[in-house]
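Residue numbering for the sequence shown follows full-length UniProt numbering, beginning at 1 and increasing consecutively.
Cβ atoms here follow ideal geometry from the backbone N, Cα and C, with glycine treated the same way.
Being a predicted model, the structure only gives us computed values, none of them experimental.
To keep things clear, I will list the structure first and then write my remarks on it.
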Amino acid sequence: MKIDEYVVHIVDDEEAVRRSLAFLLATAGFIVRVHESATSFLAAAPGIGKACLVTDLRMPDMSGVELLEKLNQIEAAVPVVVITGDGDIPMAVAAMRAGASDFIEKPFEDDVLIEAIKRAARLLDPNAEIVNDVPAMRSRLDRLSAREREVLSAVIAGLSNKAIADDLNISSRTVEVHRANVMFKMQASSLPELVRIAMALELADKGKPADPG
Numbered sequence: 001m002k003i004d005e006y007v008v009h010i011v012d013d014e015e016a017v018r019r020s021l022a023f024l025l026a027t028a029g030f031i032v033r034v035h036e037s038a039t040s041f042l043a044a045a046p047g048i049g050k051a052c053l054v055t056d057l058r059m060p061d062m063s064g065v066e067l068l069e070k071l072n073q074i075e076a077a078v079p080v081v082v083i084t085g086d087g088d089i090p091m092a093v094a095a096m097r098a099g100a101s102d103f104i105e106k107p108f109e110d111d112v113l114i115e116a117i118k119r120a121a122r123l124l125d126p127n128a129e130i131v132n133d134v135p136a137m138r139s140r141l142d143r144l145s146a147r148e149r150e151v152l153s154a155v156i157a158g159l160s161n162k163a164i165a166d167d168l169n170i171s172s173r174t175v176e177v178h179r180a181n182v183m184f185k186m187q188a189s190s191l192p193e194l195v196r197i198a199m200a201l202e203l204a205d206k207g208k209p210a211d212p213g
């Protein structure tokens with residue numbers, strides 16, 4: 001889908017952030033609308049048409065996760081990219097479980113946000129083929145050692161290296177090594193990509209028929 005065929009809505013309580021993101025996206029060719037709060041966006045959400053949403057996770061009126069839950073309640077088919085700070089990974093994962101298509105960590109490069117929006121917009125196109133090569137991802141998962149799987153679960157849960165080290169009774173340096181191995185074996189270039197892979201596998205497993213045994 002071409003970037004001028006949908007509107008990107010930005011929700012952030014900080015005016016400077018709204019202005020900066022709007023300028024970036026408008027310069028890249030997107031049609032942009034800004035909202036100072038989740039509440040103001042929700043007022044416009046019914047009948048919003050083809051649109052993507054970029055929202056911060058932490059806002060005074062309601063969090064990004066709460067906004068997603070509200071959108072689910074009114075059945076608004078709006079792909080959402082959430083922006084998260086360094087300590088908000090558990091919230092970002094919760095947002096993806098609530099339906100966010102992606103999350104990006106601050107600080108981020110301009111092209112990271114632009115590509116995240118384009119990925120989200122593919123969900124608006126009924127003719128677009130969204131491919132998750134689940135067998136390949138599961139094959140990569142099977143290559144992880146038992147310890148690497150433990151580290152993967154902890155990373156997805158948003159735990160710091162120090163917290164993982166304490167939980168597993170290993171050194172932080174060892175956690176770093178395991179974490180690097182997980183990223184390499186899962187072929188994930190970033191934490192958001194690792195989360196997307198893990199959630200794709202989780203959704204695929206939920207869709208599997210129950211074991212009759």
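Among the options, which has the Cα closest to the Cα of residue i?
| i | options | result |
| --- | --- | --- |
| Thr27 | Met186, Gly99, Val54 and Asp110 | Asp110 |
| Ile67 | Asn181, Leu201, Arg149 and Ala98 | Checking the sequence, you will find Leu at residue 67 rather than Ile. Out of Asn181, Leu201, Arg149 and Ala98, Ala98 has the C-alpha closest to the C-alpha of Leu67. |
| Asp61 | Ser153, Leu53, Pro46 and Phe41 | Phe41 |
| Pro46 | Glu36, Gly29 and Gln73 | Gln73 |
| Met1 | Ala51, His35, Ala16 and Val34 | Ala51 |
| Leu168 | Arg147, Ile89, His35 and Phe103 | Arg147 |
| Ser190 | Leu57, Phe103 and Met91 | Phe103 |
| Gly85 | Phe108, Glu14 and Gln187 | Phe108 |
| Pro192 | Asp205, Asp166, Val112 and Arg149 | Val112 |
Between which residues of its own chain and residue i is the CB-CB distance below 6 Å, once the five residues before and five after are set aside?
| i | result |
| --- | --- |
| Val32 | Val8, Ala22, Leu25 and Ala26 |
Might you give, ordered along the chain, the residues of its own chain that have their beta carbon closer than 8 Å to the beta carbon of residue i, omitting 5 neighbours on each side?
| i | result |
| --- | --- |
| Glu176 | Asn161 |
| Ile156 | Val93, Leu194, Val195 and Ala198 |
| Asp211 | The pLDDT assigned to Asp211 is 44, lower than 50, so where the model puts this residue is not dependable, and the model offers no usable value. |
Report yes if the C-beta distance between residue i and residue j is below 7 Å; otherwise report no.
| i | j | result |
| --- | --- | --- |
| Leu123 | Tyr6 | no |
| His178 | Val151 | yes |
| Ala38 | Met59 | yes |
| Lys106 | Arg140 | no |
| Arg18 | Asp12 | yes |
| Ile164 | Ala154 | yes |
| Val65 | Ala95 | yes |
| Ile3 | Gly29 | yes |
| Met137 | Leu201 | yes |
In its own chain, which residues sit with a C-beta less than 7 Å from the C-beta of residue i, not counting the 5 before and 5 after it?
| i | result |
| --- | --- |
| Gly158 | Ile89, Pro90 and Val93 |
| Gln187 | Arg140 |
| Val34 | Ile10, Arg18 and Ala22 |
Report yes or no: do three or more beta-carbon pairs, one from the stretch 78-93 and one from the stretch 112-124, lie closer than 8 Å?
yes
Just to confirm the assignment: which complete beta strand (DSSP E) runs, minimum length 3, are found wholly within the stretch 89-160?
102-105
Output the residue ranges of the beta strand (DSSP E) runs that lie fully inside the stretch 3-83 and measure 3 residues or longer, sorted by chain position.
7-11, 31-35 and 51-56
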